[in-house]
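Notes for the one structure printed next.
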Amino acid sequence: MTSQENFRIDLFKIKKSALSLGLAIGLTLLSGCQTLSSFFPEDEEKTVTIEFPEPQLETVVTHEFELPDGENMVGSLAAIDTRENDALPDIARHFGLGYNDISIANSAVSPWTPKPGSRVLLPLQFILPDSPHKGIALNLANMRLFYYPKKQPDKVYTYPVGIGRQGWNTPMGQTSIVAKDANPSWNVPESIHREHAEKGDSLPKVVRSGPDNPLGLYAMRLGFPGYLIHGTNKPYGIGMQISHGCVQLYPEDIEVLFKKATIGMPVRIIHQPYLTAWHEDMLYLEAHEPLPKWAKEKAGLRKKVVKELHELSAKKGVAVDWEKVERILQRSDGIPTPILVQSPDVAALSANALQLKHPGQFYDQPVVDELKESDWSILVASFNDETKAQQLATMLNHQGPIIPARKIQKDDAYQVIAGPFKSKTEMKAAAKRIKMDFEIDSEPVKPRLTSVN
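Residue numbering for the sequence shown follows our numbering, starting at 2 and increasing by one per position.
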């Protein structure tokens, strides 16, 4: 089930009363179907000083992987150094990762305002979920979809997804694709009508295909009534618990999957936070924090994977570093890590990650048009802290559709100005979205030229 995606970021909830103090931790990221849970476990491993190699590679495999018979882990870790005005969501999308993937693996890096020169680890190595290699397998725990093409048994495709938020959980179990729709219309469920009405946002009964349609350009209906795998008009919610239960993909990913998937294809939706694999004679563990729905089962899930590791190691006659296993479970950063005695730790894995060249511009990275004197604009907020002003401007630029914004210094303060808007109507619509998504009462700024519309 989907909803009008009011893009909201759960990392920092900004309220007007808190503006003078800066952004409060915990902002809810609206995305029509959307909110976000906390993602940043502490890393208990020791800090290691490492000299990194010069960038060498321009690209890395991100979606389509070779899958040799008996293999259960694919991909490689990579890394990239940030530049001015980079943001982790842009890096994530460019390399086929979700917000959860990149933010958890780089918990020491500010998602929206990383310092230039920050080394960002790209967790592009994945342990496949414990399910048949047939059709689509969706692991809710790491918000990742795996597609096993019937005619290519030696390949697997994987895509990050957005899933149902707490209270609107994506259903689990086995189903199938029962219909495919290009340029779908969205028939708004009554429950979502009521939810938006309570926020002062009136929705039509049907939203036609276009930029305001939260389904994006492609939708595939599941056997679970009312649930879809679809695109989105708010791509920066991928890798979050954001929806009213539907499964969302980046627009560029759903286009590929839509063409490959067939009606009747099996779909298995599972929740497996702890994954194990043998790879090149080494036993690996990949850990994710269980979703809130399974929080009370966390201890049991841990006991289950520890028991599995005991059985796997005994069968092979190898010794497991159990203290390391505990650190990995505590860290839950989604990075497949070898766990045998004297195996490399996460610092060594990071040091050996493929170092990539910066592409200059990330895929579909937001570009803000120049603000002219004939344009309407909005004074969103004013800060004494430049970083907080830049953070809010970046968040606005990653709304869907974009709310163009920039940071401007005025005297000793830093203002966040949204625009350009070509009309008063367009400006008022943006101000309404800012109020709904960020709970900020902004101020309209009229064009400086005398002729205004």
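Even glycine gets a Cβ: it sits at the ideal position worked out from N, Cα and C.
Asked                                                                                                                                                                         : Found
Among 431, 345, 78, which residue has its Cα nearest to the Cα of residue 377?                                                                                                : 431
Going by beta-carbon coordinates alone, are residue 286 and residue 338 separated by less than 8 angstroms?                                                                   : yes
Locate the beta strand (DSSP E) running through residue 149, then write down its first and last residues.                                                                     : 145-149
Comparing the C-beta of residue 295 with each C-beta of chain D, is any distance below 8 angstroms?                                                                           : Annotation note: the requested chain D is absent from the structure, which comprises a single protein chain.
List the DSSP bridge partners of residue 445.                                                                                                                                 : 379
Could you tell me which whole alpha helix (DSSP H) segments of length 4 or greater appear in the segment 168-250?                                                             : 191-199
Return the first residue and the last residue of the alpha helix (DSSP H) that residue 91 is part of.                                                                         : 89-95
Which whole-angstrom value describes the C-beta separation of residue 262 and residue 178, a residue pair presumed to lie in contact below a C-beta threshold of 8 angstroms? : 6 angstroms
Within 10 Å of its beta-carbon, does residue 420 have 16 or more other beta-carbons around it, so buried, or fewer, so exposed?                                               : buried
Is the Cβ-Cβ distance between residue 207 and residue 188 less than 8 angstroms?                                                                                              : yes
Curious, which full-length alpha helix (DSSP H) runs of at least 4 residues does the segment 384-429 contain?                                                                 : 387-398
Does the distance from the C-beta atom of residue 101 to that of residue 232 stay below 8 angstroms?                                                                          : no
Opposite residue 159 in the DSSP bridges: which residues?                                                                                                                     : 147
Mapping the DSSP letters down to three states, classify residue 353 as helix, strand or coil.                                                                                 : coil
So, with DSSP's three-state summary, where would you put residue 336?                                                                                                         : coil
Taking a contact to mean a Cβ-Cβ separation below 8 angstroms, would you say residue 169 touches residue 108 in this structure?                                               : no
Short of 6 angstroms in beta carbon distance, which residues of its chain neighbour residue 128, apart from the five on each side in sequence? Order them along the chain.    : 74, 276, 278, 287, 337
Quick one: residues in its chain with C-beta nearer than 7 angstroms to the C-beta of residue 92, no 5 flanking neighbours on either side, listed in chain order?             : 81, 103, 121, 363
Between which two residues does the alpha helix (DSSP H) carrying residue 280 extend?                                                                                         : Residue 280 -> not in any alpha helix (DSSP H); beta strand (DSSP E) instead, spanning 275-280.
Using a Cβ-Cβ cutoff of less than 7 angstroms, which residues in the same chain neighbour residue 309 once the five nearest sequence positions on both sides are dropped?     : 277
Looking at residue 185: is its Cβ nearer than 8 angstroms to the Cβ of residue 216?                                                                                           : yes
Out of 280, 384, 403, which one is the CA nearest neighbour of residue 410?                                                                                                   : 384
Quick check on the DSSP output: the beta strand (DSSP E) that includes residue 285 runs from which residue to which?                                                          : 283-288
Which term fits residue 167, buried or exposed, when burial requires 16 or more other beta carbons within 10 angstroms of its beta carbon?                                    : exposed
Which residues in the same chain have their Cβ closer than 6 angstroms to the Cβ of residue 175, if we skip the five residues on either side of it in sequence?               : 269
Within its chain, find whatever has a CB closer than 6 angstroms to the CB of residue 114; leave out the 5 residues flanking it on each side and keep chain order.            : 388, 391, 392
Closer than 8 angstroms by C-beta to residue 85: which residues in its own chain qualify, once you throw out the five before and the five after it? Chain order, please.      : 117
Spell out a yes or no on whether the segment 62-74 and the segment 123-140 are touching, meaning 3 or more CB-CB pairs, one atom from each, closer than 8 angstroms.          : yes
Assuming residue 218 contacts residue 267 (C-beta within less than 8 angstroms), just tell me the rounded distance between them.                                              : The Cβ separation is near 24 angstroms, so there is no contact.
Using only the alpha-carbon positions, how far apart do residue 39 and residue 141 sit?                                                                                       : Residue placement at residue 39 is flagged as unreliable, the pLDDT there being 37, under the threshold of 50; the coordinate-derived value follows with that caveat. Between residue 39 and residue 141, the C-alpha separation is close to 15 angstroms.
So, under 8 angstroms CB-CB, residue 225 and residue 156 are touching, yes? Tell me the CB distance rounded to an integer number of Å.                                        : Not quite, the Cβ-Cβ distance comes to about 27 angstroms (not below 8 angstroms), so this is no contact.
Return the Cβ separation of residue 295 and residue 272 in integer angstroms, given the expectation that the two are a contact with Cβ distance under 8 angstroms.            : 6 angstroms
Do residue 395 and residue 79 have their CB atoms nearer than 8 angstroms?                                                                                                    : no
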